[in-house]
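Undergrad: Its first residue numbered 7, the sequence shown is counted upward by one per residue in the working numbering. The beta-carbon is built from N, C-alpha and C at its ideal position, and this holds for glycine as well.
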Amino acid sequence: MHVPSFGWDIFYKYFNLDIMKKLPYIFFFFASICTITAQKSDCLNFRTGKFEYTDSQYSRWKVIRTESTQTEVNSTDGVEIQGDIEWKSDCEYILTYGTNDYSKKKGLAGKKVFVEIIKAEGNKYTCLSKCDAVEITTEIVKL
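1) Do you know offhand how far E86's Cα is from V79's?
2) Taking only the alpha-carbon atoms, compute the straight-line gap between G104 and T72 and give it to the nearest angstrom.
3) Alpha carbon to alpha carbon, how far is K118 from L50?
4) Please confirm whether V140 and E58 have their CB atoms less than 9 Å apart.
5) Just list the residues that DSSP pairs V147 with in beta bridges.
6) CB-CB under 7 Å to T82, same chain, minus the five flanking residues each way: which ones, in chain order?
7) Let me check understanding here. Comparing Cα to Cα, which of Q63, V69, D90 lies closest to A115?
8) Cα separation between E98 and F120?
9) Can you tell me whether C49 is helix, strand or coil according to DSSP?
10) Just curious, the beta strand (DSSP E) that S81 is in, first and last residue?
11) Can you have a look at E127 and say buried or exposed, based on whether 16 or more other CB atoms are within 10 angstroms of its CB?
12) Would you mind working out which of G84, D61, L101, T60 sits nearest Y108, comparing C-alpha positions?
This is the structure:
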């Protein structure tokens, strides 16, 4: 009775070398899928709630968001801007500003802002907002 020794010849016989060469690519693919899935689930944490900007330029504005609306309140003078939200994916939405007096005065009435959450960690997220020819990247904290 012949008992094979476990050497490289047996290894190659039972494990296809081509698959072994592809293992790093397979690992990268699955790691990418896991990262994307984690990012999407993190985005869900920011769909609704109360938020504030970390950038001092916008720090006077507080945001209150439901599944379908967003209200931005200026904490120094009480001005409110309201808009409707249309979620395109877990991490992307379109904010369409309403037509109140302040929105009309500032030229925001009916404007669409395309927002993408590009990074989420803990109670903060970073988003890229695009409106007309303007792009802004900012960090927002959930309260």
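TA: In brief:
1) So the two alpha carbons sit approximately 5 Å from each other.
2) 15 Å
3) 21 Å
4) no
5) E58, K130
6) R66
7) D90
8) 8 Å
9) helix
10) Careful: S81 lies outside any beta strand (DSSP E) and carries neither H nor E.
11) exposed
12) Nearest option by C-alpha distance: G84.
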